[in-house]
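Take a look at the structure set out below.
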Amino acid sequence: MAEGDAELEARLAEQEAFEPSDDFVAQANVTDEGIYEEFEENWPECWDRAGDLLDWDSEYTQTLDDSNPPFYKWFSDGTLNASYNCIDRHIENGEKNRVAIKWEGELGDTRTYTYQDLYREVNEFAAALRDLGVEEDDVVTLYMPMVPELPIAMLACARLGAPHSVVFAGFSAEALATRMQSADSEYLVTCDGYYRRGDALDHLEKANEGLESVDHDTETVVVDRLGDAGHGHSLTENQYDYDELVAEQSGNRIEPVERGAEDMLFLMYTSGTTGQPKGVKHTTGGYLAYAAWTAHSVLDIEKEDTYWCAADIGWITGHSYIVYGPLALGTTTVMYEGTPDYPERDRLWELIEKYSVDIFYTAPTAIRAFMKWGSKFPESRDLSSLRLLGTVGEPINPRAWKWYYKHIGDEDCPVVDTWWQTETGGMMITTLPGIGTMKPGSAGPPLPGIDANIVDTNGEKVEAGRAGYLTVNKPWPGMLRTLYKNDERFINEYWAEYSDLDSDDADDWVYFPEDGAKIDDDDYITILGRVDDVINVSGHRLGTMEIESAIVGVEGVAEAAVVGGNHDVKGEAVYAYVILEDGYEGSDEMSQRIVEGVEDGIGPIARPEQVIFTPELPKTRSGKIMRRLLEEIANGEEELGDTTTLRNPEIVADIQQKVQK
Ligand code: PRX
1 MAEGDAELEA RLAEQEAFEP SDDFVAQANV TDEGIYEEFE ENWPECWDRA
51 GDLLDWDSEY TQTLDDSNPP FYKWFSDGTL NASYNCIDRH IENGEKNRVA
101 IKWEGELGDT RTYTYQDLYR EVNEFAAALR DLGVEEDDVV TLYMPMVPEL
151 PIAMLACARL GAPHSVVFAG FSAEALATRM QSADSEYLVT CDGYYRRGDA
201 LDHLEKANEG LESVDHDTET VVVDRLGDAG HGHSLTENQY DYDELVAEQS
251 GNRIEPVERG AEDMLFLMYT SGTTGQPKGV KHTTGGYLAY AAWTAHSVLD
301 IEKEDTYWCA ADIGWITGHS YIVYGPLALG TTTVMYEGTP DYPERDRLWE
351 LIEKYSVDIF YTAPTAIRAF MKWGSKFPES RDLSSLRLLG TVGEPINPRA
401 WKWYYKHIGD EDCPVVDTWW QTETGGMMIT TLPGIGTMKP GSAGPPLPGI
451 DANIVDTNGE KVEAGRAGYL TVNKPWPGML RTLYKNDERF INEYWAEYSD
501 LDSDDADDWV YFPEDGAKID DDDYITILGR VDDVINVSGH RLGTMEIESA
551 IVGVEGVAEA AVVGGNHDVK GEAVYAYVIL EDGYEGSDEM SQRIVEGVED
601 GIGPIARPEQ VIFTPELPKT RSGKIMRRLL EEIANGEEEL GDTTTLRNPE
651 IVADIQQKVQ K
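Position 21 (the sequence shown) corresponds to 21 in the UniProt record's numbering; numbering is contiguous.
Okay, structure coming up:
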């Protein structure tokens, strides 16, 4: 056990509730407890408080149009432009020299963009995209690592009214191709490479490979991140160098396109129960207002702050809380290219010290890794600039919460544990740091205006302390509007479980996020995890079906079942149970081929922790794989649940023996 931990255990272990300090409360953006009642009484007009954080070209007159549930419309007769809201208006307000983006590369190289710099480059790149043929409503795919050109490209798209679809750089060529095909996206912005633990990775090779599987023609823009360290690819006929395009447009300006509030701002693909990723559609008005409102009220961001969310922009957390929320509020947002342990395990603390970061937002998986490395790393740095800490992405156990609170926040910074999803656009369940008591392990109450409940399979509220299903009964501005070109799947995935699908009355429609949860007597919600076939590896959401289909694509594999098993750093890890075809052997080489199959199909994040070869999978008499049992085995549980309904119970002990714990 690392030094300091014992003391921490003793002093904090018993404490179940924490209050924000008087100093924090004195300066917090939201401190009036009455806000919960105010939102309830004035619902839905209470959401104008979010709408009012934006500048509208034409003001909306109706907050919510719920006449056709679940196709809700927010601020729908208003018009605005997201890029104008994240850049131009701050310059008009005299903030042109304020730093918008502070970027640091893994090797320690830095770039700083003031709002004026951002304005210039976003305009020039928007002009370049327009010259390439991008028109309003064309989907532009951005397959980029953490370089400043990523938020610049997002904002350039927003300026043109062209929705972006960002594909996480760690995803494979195949994953890129699937997403471009699904969105009919004819434009791609990508990058030659980036640094990971000191290596210059070749990203363009992956992008090119993906493009080969896209049926339609594509114009591609390539950012030169690596310079001389690059991999020597020459650009092909439909590929353009980012710097050249921007230089050609020097000084050019693009009038921000006036978008309807309900017009699409972006698409973001996420994993679901089936093998096909879901294209979540977010809007210009409701999403941006919600991202700004939650960044203001929960992250407590003010424009004078230096704020750092250590997520990747390739996920929703980076969209809402590296780019749109913070920039809409006119603050300084930090971006870091690399990993937290390169060159040393104090890298993040070094950056907090160097930039005097005020607010820091990360994932429990990272906190668990920091704990494992020991408190000497944060202790060697000055973290006194910090005012607020946040977590997102997966449940945080009380011990990790307390470690974060003590060793990073010096027992002086509130910790907000924020529950939300790609689909919700922004935070939904968390304490407000200037108001609420914090209870480690519990995210907190639903935010003002959010009507979240814990129910049983019949939709009846369960008693405090009992496990149930999380549901949301009222719409909110940041919610997804549909799945791209698939309204039917949108209804089936999120609404069918608890709604009266024939009703026109919004009260009969209930959103189901597919999480299990429980609630306590103070209405604090503890999230218990997914109840569908989605697993959460290091805060990344992966569909087990997607991984299984990558595995059965490997030559020699007959059948596969993938489950999540507990992992002390990653939260969950991928366990793959595999049946081979006759004539194939469960060798190390076969195992390696399966791992590569998953990396090629999805990306290294989905790499199985263990591949377990078995002649059979435990199946019920109706032929359904009993996943619960496979999870229990992956978790090393000795006492397994009921196996009497299995048609092949004898296989269980055999599989159990093969899993290494
Ligand atoms: O299971 C919940 C978990 O992450 C899921 C959403 O994943 P994704 O769409 O990738 O978005 C992650 C970042 C917003 C949820 O259904 N989750 C997210 N935040 C928390 C959480 N589980 C527990 N506590 C949280 N704070």
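Yeah, the Cβ is synthetic: ideal placement off N, Cα and C, and Gly gets one too. In this text the structure is predicted, and so the values were computed from the model without any measurement.
Any non-hydrogen atom of the ligand PRX within 7 Å of residue i CB
| i | result |
| --- | --- |
| Asp515 | yes |
| Asp417 | yes |
| Val392 | yes |
| Pro395 | yes |
| Gln421 | yes |
| Gly325 | no |
| Ile527 | yes |
| Thr431 | no |
| Ala229 | no |
| Ala471 | Sequence check: residue 471 is Thr here, not Ala. No, the Cβ of Thr471 stays beyond 7 Å of every heavy atom of the ligand PRX. |
Neighbour-count burial assignment, residue i, 16 or more Cβ in a 10 Å radius
| i | result |
| --- | --- |
| Gln660 | exposed |
| Ser538 | buried |
| Asp522 | exposed |
| Thr457 | exposed |
| Gln27 | exposed |
| Pro340 | buried |
| Asp533 | buried |
| Pro148 | buried |
| Asp346 | buried |
| Leu501 | exposed |
| Asn68 | exposed |
| Lys372 | exposed |
| Glu135 | exposed |
| Ser83 | buried |
| His203 | buried |
| Ser587 | exposed |
Alpha carbon of residue i to alpha carbon of residue j, nearest angstrom
| i | j | result |
| --- | --- | --- |
| Gln15 | Ala6 | 15 Å |
| Ser172 | Leu265 | 24 Å |
| Cys309 | Tyr575 | 30 Å |
| Glu59 | Gly318 | 28 Å |
| His216 | Glu186 | 7 Å |
| Tyr287 | Ala10 | 43 Å |
| Thr391 | Glu248 | 42 Å |
| His407 | Glu379 | 7 Å |
| Thr620 | Asp417 | 39 Å |
| Glu3 | Arg368 | With a pLDDT of 49 at Glu3, under the threshold of 50, the modelled position of that residue is not reliable, and the figure given next carries that caveat. So the alpha carbons of these two residues sit roughly 16 Å apart. |
| Lys624 | Trp74 | 42 Å |
| Thr178 | Ala169 | 14 Å |
| Val221 | Thr274 | 32 Å |
| Thr284 | Ala158 | 9 Å |
| Val298 | Leu447 | 9 Å |
| Gly459 | Ala506 | 16 Å |
| Tyr361 | Asn648 | 47 Å |
| Thr430 | Thr544 | 28 Å |
| Gly441 | Gly465 | 14 Å |
| Tyr194 | Gly34 | 48 Å |
Nonlocal neighbours in the same chain, by C-beta distance under 8 Å from residue i, ignoring five residues either side
| i | result |
| --- | --- |
| Ile579 | Val557, Ala558, Glu559, Ala560, Phe613, Thr614, Pro615, Glu616 and Leu617 |
| Met1 | At Met1, the pLDDT of 46 sits below 50, so the modelled position is not reliable; the number obtained from the coordinates is stated separately. Correct list: empty, nothing qualifies. |
| Pro513 | Gln421, Glu423, Thr424, Leu470, Thr471, Val472 and Tyr494 |
| Glu589 | none |
| Thr365 | Gly393, Glu394, Ser538, Gly539, Val569, Lys570 and Gly571 |
Contact check, residue i vs residue j, beta carbons under 8 Å
| i | j | result |
| --- | --- | --- |
| Gly426 | Ala291 | yes |
| Ile655 | Tyr584 | no |
| Glu41 | Gly272 | no |
| Val167 | Leu160 | no |
| Pro256 | Asn93 | no |
| Ile301 | Leu329 | yes |
| Arg489 | Thr270 | no |
| Lys102 | Thr332 | yes |
| Val652 | Thr644 | no |
| Ala183 | Val214 | no |
Other residues of its chain near residue i: CB distance less than 7 Å, five sequence neighbours each side excluded
| i | result |
| --- | --- |
| Asn635 | Gly565 and Asn566 |
| Gln62 | Ser76 and Asp77 |
| Glu45 | Thr63 |
| Asp412 | Ser21 |
| Arg387 | Phe24, Asp358, Ile359 and Cys413 |
Cβ neighbours of residue i in the same chain (closer than 6 Å, five flanking residues each side left out)
| i | result |
| --- | --- |
| Glu423 | Val280 and Leu480 |
| Trp56 | Gly78 and Leu80 |
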